[in-house]
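Asks:
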Amino acid sequence: MIENRWWDATRDRRLVVQRCPCGHAQHYPRELCTRCGGTDLEFADASGRGTVDSFTVVHRAPSPDAEVPYTVARVRLAEGPIILTHLDGPGPWTCDEPVRLGWRPLPDGRHLPVFTKDA
Numbered sequence: 001m002i003e004n005r006w007w008d009a010t011r012d013r014r015l016v017v018q019r020c021p022c023g024h025a026q027h028y029p030r031e032l033c034t035r036c037g038g039t040d041l042e043f044a045d046a047s048g049r050g051t052v053d054s055f056t057v058v059h060r061a062p063s064p065d066a067e068v069p070y071t072v073a074r075v076r077l078a079e080g081p082i083i084l085t086h087l088d089g090p091g092p093w094t095c096d097e098p099v100r101l102g103w104r105p106l107p108d109g110r111h112l113p114v115f116t117k118d119a
């Protein structure tokens with residue numbers, strides 16, 4: 001499955017986006033280019049830089065093991081695509097704030113991409 005290739009890259013702490021020969025970059029991974037419908041997509045490393053597009057602070061845990069509060073955000077990557085992610089570190093957060101990539105380890109060896117303030 002195509003999304004497995006994305007998750008496999010996180011094992012090496014690599015954030016990848018799909019690129020199409022038409023010049024379009026996209027995230028989340030799909031079988032078709034969302035601009036031209038092409039199928040000749042390749043994964044390319046992202047820079048790890050972006051800006052906060054929108055965010056919300058969650059104060060009510062969706063499960064007993066979730067630590068609150070936490071911040072969920074849309075981050076527009078420097079390459080163009082938007083990724084839904086967590087913001088790590090102290091607030092306050094603002095829209096259009098520059099952020100950089102960090103990683104949170106998962107029990108199976110993969111890593112979850114998270115973003116922190118870009119100092």
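The opening residue of the sequence shown carries number 1 in the UniProt record's numbering; numbering runs sequentially from there.
Ideal Cβ placement from N, Cα and C applies to all residues, glycine included.
Looking only at DSSP bridge pairs, what is residue 68 linked to?
Replies: Looking at the DSSP assignment, residue 68 forms no beta bridge with any residue, so it has no partner.
Asks: On the three-state DSSP scale, how would you describe residue 10?
Replies: Note: residue 10 maps to helix in three-state DSSP.
Asks: Looking at the strands, I want to know which residues DSSP matches up with residue 111.
Replies: BP columns for residue 111 point to 105.
Asks: Which residue wins for smallest C-alpha separation from residue 21, given the options 3, 42, 14?
Replies: Nearest option by C-alpha distance: 42.
Asks: Just how far apart, CA to CA, sit residue 118 and residue 85?
Replies: The alpha-carbon atoms of residue 118 and residue 85 are separated by roughly 15 Å.
Asks: Quick one: what's residue 32 bridged to in DSSP?
Replies: In DSSP, residue 32 forms no bridge with anything.
Asks: Determine, using beta-carbon pairs with one atom in the stretch 88-103 and one in the stretch 24-41, whether at least three such pairs fall under 8 Å.
Replies: Touching, no.
Asks: How many angstroms separate the CA atom of residue 44 from the CA atom of residue 98?
Replies: Each residue's Cα considered, the two are about 21 Å apart.
Asks: CB-CB under 6 Å to residue 10, same chain, minus the five flanking residues each way: which ones, in chain order?
Replies: If we look at residue 10 and ignore the five residues flanking it on each side, its Cβ neighbours are 110, 111.
Asks: Whose C-alpha, out of 23, 115, 8, is nearest the C-alpha of residue 77?
Replies: Considering only alpha carbons, the answer is 115.
Asks: What residues match up with residue 44 in a beta bridge as DSSP calls it?
Replies: The partner list for residue 44 (beta bridge, DSSP) reads 17.
Asks: Buried or exposed: where does residue 83 fall if 16 or more other Cβ atoms within 10 Å of its Cβ makes it buried?
Replies: With 16 or more other Cβ atoms within 10 Å, it is buried.
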